[in-house]
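To start, the structure itself, in structure tokens.
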């Protein structure tokens, strides 16, 4: 692409307009069709714009969800926005729901039975809460007796936990270290 | 006001968030209450931000309406926005037209004003599209001031959606909720 | 051991077991099974004392612990027999593996909690009224599915629900009355900078009726004064208001 500086700035400006109008996550492919530039170039331009927002500590930020981008507010200004709009309070998930969600996120697609195997307790309530909140969804059935439902996470999940894609999940091995071994590990481990 | 440069930048950033999330024109007075700074100062800060947007030729612009400010897109990018919003396959109806059609189908005969009350947005273009496509038609006039037109669905509508008669429309559970919202709008409208 | 204030609640037997091991500050790979089993059973008894429902999962784990404990108390005769074929199988092995597996996700859940607290502070704006940007003459009607109609309707309901979340503050907003003169000078000022403006930008959705009328009268006045001109390339296209001198300039 022979794009000079001016062109880049203009494309950024157009993309900013498009993200604003669209409100919802907007796919790189759609933007690339509208602007008639290759998706990789569009993606790079958005990431530049995103960085620029961050560097300038703007009131808006750009988030990425599965190669789609969305304009939203800076988390820092939460208190002020709340003062203006008094949005409904999001209570957050219970420990049980968070555990189930973590298992599904790392082991998807997974059945309820397998989730319960790991947790050692029934988890139907937590699963139905997560389904209600659209954090998980049915991803099909396991081809064995009873054809149990397989669960996986949704884009809402990615958004709610600030992840661009599933690969962004912190490596599960990082959680294997055990707290009470910690001192020992830090000192003596290779 | 002893506001140094850093504070100004931060206030600009917060205001940007507020304008973004509010969507409609936001009064300087409201912003000044949220931020606890005098209105004159807020006004000056917004005007600075506005100039900055213009200087950088951003995709967004700030417009002023009666001492209220609103964030909207740069008019220059209209063609791209139009390209994004017009369905490329040219088939079917847009979300807006479908919404209006659904409301008319379930609440006929109904005036444009009532449709707009339910949707919360202007719907004249969608209505004229539906008239063009002969999915709705004028069913008479309401006997009140202005004698507004009453709309209803056509046989083309029934055919297009594979219905033999209006009674075939599936029942919608949340219908009561919609009436409730409508009342609220009527109240705040006055 | 007595719990004299309030019994801690646990998400399940692994959660409780993990808690006991952590509290005892012992190596998870070498759990003092007798000690932990006693504490575990003590806890279950306390639960019953406090009239808390002891679910079957807790009881199954108690049985497992007792079984492991008894296996470990067996004399070494058994071990000698097997020593040639395989290495000694620690009766605790399976339990430890499951405990470690559970612990991984428990820690991940804590991490999720932290992220949730940060990212719930983000707000998204609703989509603009896209129909104002659509070229309607390009749209052709073909066969449609009733489901699309119903889902449009449901989306509408959803949108209204979300919108009402942001409405709480609205009542307090008082818009100042504006005169035609104010409006004329506002439009003039705007056009001095921008030269052109989309007609719709002059009217916001939340404008009062009187403001719409005033804006319109101001526009008419400015046209009469030859300050601006109104252009529309075709029906439903955007209506552009331009300052006269900038029109001549082009």
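Protein chains in written order, with our numbering: chain V, 637 to 826; chain R, 637 to 826; chain P, 14 to 263.
Glycine is no exception: its CB is placed at the ideal position from the N, C-alpha and C atoms.
Cβ-based burial, residue i [other Cβ within 10 Å; buried from 16]
i, result
"residue 28 of chain P", "buried"
"residue 713 of chain R", "buried"
"residue 740 of chain R", "buried"
"residue 85 of chain P", "exposed"
"residue 322 of chain P", "Since the displayed chain P opens at 14 and closes at 263, residue 322 of chain P lies outside it and no answer follows."
"residue 196 of chain P", "buried"
"residue 709 of chain V", "buried"
"residue 721 of chain R", "buried"
"residue 105 of chain P", "buried"
"residue 659 of chain R", "buried"
"residue 42 of chain P", "exposed"
"residue 122 of chain P", "buried"
"residue 663 of chain R", "buried"
Span separating the alpha-carbon of residue i from that of residue j
i, j, result
"residue 167 of chain P", "residue 775 of chain R", "26 Å"
"residue 50 of chain P", "residue 769 of chain V", "38 Å"
"residue 754 of chain V", "residue 745 of chain R", "57 Å"
"residue 767 of chain R", "residue 214 of chain P", "26 Å"
"residue 700 of chain R", "residue 679 of chain R", "10 Å"
"residue 208 of chain P", "residue 797 of chain V", "44 Å"
"residue 682 of chain V", "residue 667 of chain V", "10 Å"
"residue 677 of chain V", "residue 684 of chain V", "11 Å"
"residue 138 of chain P", "residue 702 of chain V", "19 Å"
"residue 202 of chain P", "residue 689 of chain R", "17 Å"
"residue 672 of chain R", "residue 647 of chain R", "11 Å"
"residue 650 of chain R", "residue 129 of chain P", "22 Å"
"residue 254 of chain P", "residue 711 of chain R", "12 Å"
"residue 790 of chain R", "residue 802 of chain R", "10 Å"
"residue 206 of chain P", "residue 785 of chain R", "41 Å"
"residue 589 of chain V", "residue 78 of chain P", "Any question about residue 589 of chain V goes unanswered here, given that chain V covers just 637 to 826."
"residue 644 of chain R", "residue 686 of chain R", "14 Å"
"residue 729 of chain V", "residue 787 of chain V", "18 Å"
"residue 82 of chain P", "residue 21 of chain P", "25 Å"
heavy atom of the ligand FAD below 7 Å from residue i C-beta
i, result
"residue 683 of chain R", "The ligand FAD is absent from the structure shown, which contains no ligands of any kind."
Any chain R beta carbon closer than 8 Å to residue i
i, result
"residue 54 of chain P", "no"
"residue 143 of chain P", "yes"
"residue 710 of chain V", "yes"
"residue 640 of chain V", "Confidence in residue 640 of chain V is poor, its pLDDT being 45 and thus under 50, which makes the residue's placement unreliable; the coordinate value appears in the next sentence. It does not; no Cβ of chain R falls within 8 Å."
"residue 256 of chain P", "no"
"residue 209 of chain P", "yes"
"residue 118 of chain P", "no"
Beta carbon of residue i nearer than 8 Å to that of residue j
i, j, result
"residue 737 of chain V", "residue 125 of chain P", "yes"
"residue 652 of chain V", "residue 696 of chain R", "yes"
"residue 759 of chain V", "residue 748 of chain V", "yes"
"residue 675 of chain V", "residue 665 of chain V", "yes"
"residue 808 of chain V", "residue 117 of chain P", "yes"
"residue 72 of chain P", "residue 53 of chain P", "no"
"residue 742 of chain R", "residue 805 of chain R", "yes"
"residue 66 of chain P", "residue 25 of chain P", "no"
"residue 235 of chain P", "residue 200 of chain P", "yes"
"residue 717 of chain R", "residue 146 of chain P", "yes"
"residue 238 of chain P", "residue 256 of chain P", "no"
"residue 75 of chain P", "residue 46 of chain P", "no"
"residue 113 of chain P", "residue 752 of chain V", "no"
"residue 792 of chain R", "residue 771 of chain R", "yes"
"residue 243 of chain P", "residue 193 of chain P", "no"
Test: residue i CB closer than 8 Å to a CB of chain V
i, result
"residue 140 of chain P", "yes"
"residue 670 of chain R", "yes"
"residue 62 of chain P", "no"
"residue 787 of chain R", "no"
"residue 50 of chain P", "no"
"residue 817 of chain R", "Its pLDDT being 42, under 50, residue 817 of chain R is placed unreliably in this model, and the coordinates cannot settle the point."
"residue 135 of chain P", "yes"
"residue 229 of chain P", "no"
"residue 77 of chain P", "no"
"residue 126 of chain P", "yes"
"residue 794 of chain R", "no"
"residue 115 of chain P", "yes"
"residue 720 of chain R", "yes"
Test: residue i CB closer than 8 Å to a CB of chain P
i, result
"residue 646 of chain R", "no"
"residue 806 of chain V", "yes"
CB contact check: residue i to chain A, cutoff 8 Å
i, result
"residue 740 of chain R", "The structure shown contains no chain A; its protein chains are V, R and P."
Original post:
Taking Cβ-Cβ distances below 7 Å as the criterion, which residues of the region 684-696 of chain V are in contact with chain R?
Top reply: 693, 694, 695, 696
**OP:** Name, going along the chain, the residues of the region 761-789 of chain R whose beta-carbon falls closer than 7 Å to a beta-carbon of chain V.
**Re:** none
Original post:
Which of the residues in the region 655-667 of chain R, read from start to end, lie with their CB under 7 Å from any CB of chain P?
Top reply: 656, 657, 659, 660, 661, 663, 666
Subject >> Residues, ordered as in the chain, of the region 741-758 of chain R that lie near chain P by beta-carbon distance below 9 Å >> reply: 741, 742, 754, 755, 756, 757, 758
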